[in-house]
Amino acid sequence: MSNGYIVLSDGYTIKGSKNEQVLLNLIDGARYDLEPEQFDFLSLCDGSFRLAEILTQYDEESQAVIHDFINNLKEIGAICFVDKKTCRKLHGNLVSIPRLQAVHLEATSRCNMRCAHCYQGELYPVSDNLTLEEIRRLIEEMEKMQVENISISGGEPFLDKNTFDIVRCVEEHDIRVLSFFTNGLLVGEKAIERILACRSKPTMFVSLDAITPAGMRFRGFDGATGKKVLDRILENIRNLVANKIRVVINTVMNRCNITTLRKMYNIIRGLNVNSWRIGFPKRTGFFKGQNEFELPWETMINSSFNLLKHHLGEGRPFHLQMEYLYREELFENFELLPDDAFVCDYEGRRESCCVKPNGDVVHCAYCADFPLGNIRQERLEKIWYSSAMRKVKEIRIKDVEGCKNCELRPYCATGCRINAYFLHGDFYHAKDDYACKAVKFFVHEVIPLLKKEKIIK
């Protein structure tokens with residue numbers, strides 16, 4: 000072992016609460032579970048001590064274990080030795096449980112489109128947006144709270160001149176930029192250069208809700224303008240992929256794309272993106288009054304199922320996710336959910352929250368009607384650990400009264416609570432009618448298909 004000062008590499012940091020500690024790769028997001036003793040050791044690896052100095056605190060048997068641990072760290076590039084004493088700031092203090100792990104930051108409400116399904120609508124005037132200084136203070140607090148990932152959204156983040164200043168601040172505070180959510184129109188060469196310069200390797204979630212110029216009416220464009228916008232978005236997606244940036248396409252099913260889903264499938268396959276996520280519009284924001292774009296539920300379900308059969312028949316050439324019906328990673332170890340399972344465990348949302356453009360904190364992005372606090376009035380930490388936030392994050396399947404007598408609840412976990420609110424005005428106890436219909440279809444149609452294809456047993 001070197002006699003230099005031992006320091007955790009710039010591409011890694013440690014995060015932890017009183018019941019779990021992790022070593023986090025700030026570049027690709029890889030997480031390594033740590034024992035408390037390992038976490039304590041890494042807390043000392045800030046460049047202030049030589050290894051020999053640290054080892055004096057341990058007995059001979061423990062020193063041998065530490066040497067093995069250091070060898071493992073060196074293999075993944077997580078540790079290094081330097082000749083000069085330095086001081087890398089590491090937050091080794093364990094926070095309270097549950098630890099906030101991920102934040103969806105809607106950094107601006109400014110946008111260059113007027114999408115029919117926008118859940119923000121006109122709720123957040125640009126004049127009320129958080130300032131860059133307010134966002135910097137928020138990120139400093141997130142670091143102390145041991146947040147691992149921040150996703151940056153809007154509005155349209157690449158329309159905001161502060162976006163890459165925010166990225167720089169996030170990375171300086173040892174948090175990973177997990178992803179950007181964008182409509183793709185402004186992700187040109189200059190933006191790609193700046194994305195590639197990030198330490199993080201973020202995923203680009205690009206909204207693509209139509210594949211024909213006429214279909215771009217859903218995004219607020221008509222005629223020749225719609226064609227130009229669509230062509231530019233597709234070209235930007237190709238450039239992102241060519242630069243090895245991970246791309247996920249988000250599509251909301253609507254009347255403008257329902258007859259062209261197979262064509263869209265073929266184009267997305269040709270783009271070589273990582274994933275395509277298909278969802279159904281929610282009755283919030285602008286979509287409350289956009290009945291011209293709405294489709295019957297049965298039409299969306301049947302179209303999704305036909306597309307899924309095509310996808311399986313093609314040998315699953317890329318990752319596909321369909322709201323309610325199909326999510327590949329769930330089928331690797333497919334199990335029914337017990338009544339004690341948390342409703343918000345889906346996609347790890349029990350450890351995350353969303354900060355709106357005006358500083359409102361909500362438990363997920365769609366829940367603009369339920370602000371649980373505002374960072375201009377109180378600290379994020381206080382909001383995260385508040386009884387109001389806990390009441391939402393700790394809803395269990397058995398707590399939802401409207402689903403207690405349904406034998407299918409182990410499949411859907413009572414669906415989406417915000418959908419239940421949009422449909423019935425009751426967040427905590429009402430049924431999500433969309434999930435009710437979907438899970439019946441899933442059990443009777445999708446499961447037999449997946450068993451036939453040997454995707455589940």
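Here numbering that gives the first Met the number 0 is used: position 429 in the sequence shown is 428, and no number is missing along the way. We put the CB at the ideal spot given by N, CA and C, even for glycine.
Subject >> Continuous alpha helix (DSSP H) stretch holding residue 134: start and end >> reply: 131-143
Original post:
Is it the case that the Cβ atoms of residue 181 and residue 166 are separated by a distance below 9 Å?
Top reply: Not closer than 9 Å, so no.
Original post:
Does the separation of the CB atoms of residue 362 and residue 399 fall below 9 Å?
Top reply: no
Subject >> Pick from 6, 25 and 34 that is closest to residue 17, judged by C-alpha positions >> reply: 34
**OP:** Would you mind stating whether residue 142 and residue 174 have Cβ atoms separated by less than 9 Å?
**Re:** Remark: C-beta atoms of residue 142 and residue 174 approach each other more closely than 9 Å.
Subject >> Assigned secondary structure, residue 397 (DSSP; H/G/I helix, E/B strand, else coil) >> reply: helix
**OP:** Flag this pair as yes or no: are the beta carbons of residue 304 and residue 324 separated by less than 9 Å?
**Re:** yes
**OP:** Along the beta strand (DSSP E) that carries residue 105, what are the first and last residues, could you check?
**Re:** That run of the beta strand (DSSP E) goes 101-105.
Original post:
When the Cα of residue 460 is compared with those of 293, 71 and 108, which residue comes out closest?
Top reply: Residue 460 lies beyond the residue range present for the chain, which begins at 0 and ends at 456; the question has no answer from this structure.
**OP:** Note down, one range per segment and in chain order, each alpha helix (DSSP H) of at least 4 residues found wholly within the segment 13-46.
**Re:** 35-42
**OP:** Work out the CA separation of residue 89 and residue 107 for me, nearest whole Å.
**Re:** Those two C-alpha atoms are separated by around 30 Å.
**OP:** Going by CA-CA distance only, name the one from 274, 269, 224 and 219 that's closest to residue 246.
**Re:** 274
Original post:
Going by DSSP, which residues form a beta bridge with residue 463?
Top reply: The question about residue 463 has no answer, for the chain in this structure spans 0 to 456.
Original post:
Can you tell me the Cα-Cα spacing of residue 42 and residue 75, whole angstroms?
Top reply: Cα-Cα distance, rounded: 18 Å.
Subject >> Residue range of the unbroken alpha helix (DSSP H) whose run includes residue 168 >> reply: 162-171
Original post:
Looking at the unbroken beta strand (DSSP E) that takes in residue 180, where does it start and where does it end?
Top reply: 175-181
Subject >> Extent of the continuous alpha helix (DSSP H) run through residue 193 >> reply: 188-195
Original post:
Buried or exposed: where does residue 250 fall if 16 or more other Cβ atoms within 10 Å of its Cβ makes it buried?
Top reply: buried
**OP:** Leaving out five residues on either side along the sequence, give the residues of the same chain with a beta carbon under 6 Å from the beta carbon of residue 322.
**Re:** 278 and 279
**OP:** For residue 384, write down the residues that DSSP places opposite it in a beta bridge.
**Re:** Beta-bridge pairing links residue 384 to no other residue.
Original post:
Can at least three beta-carbon pairs, one atom from the segment 97-112 and one from the segment 336-356, be found at a separation below 8 Å?
Top reply: yes
Original post:
Per DSSP, what kind of secondary structure is residue 408 in: helix, strand or coil?
Top reply: helix
**OP:** Count the other CB atoms, across all protein chains shown, that sit within 10 Å of the CB of residue 6; report buried if there are 16 or more and exposed otherwise.
**Re:** buried
**OP:** Use the C-beta contact count for residue 430: other C-beta atoms within 10 angstroms, 16 or more gives buried, fewer gives exposed.
**Re:** By the neighbour-count criterion, in which a residue is buried when 16 or more other Cβ atoms sit within 10 angstroms of its Cβ, residue 430 is buried.
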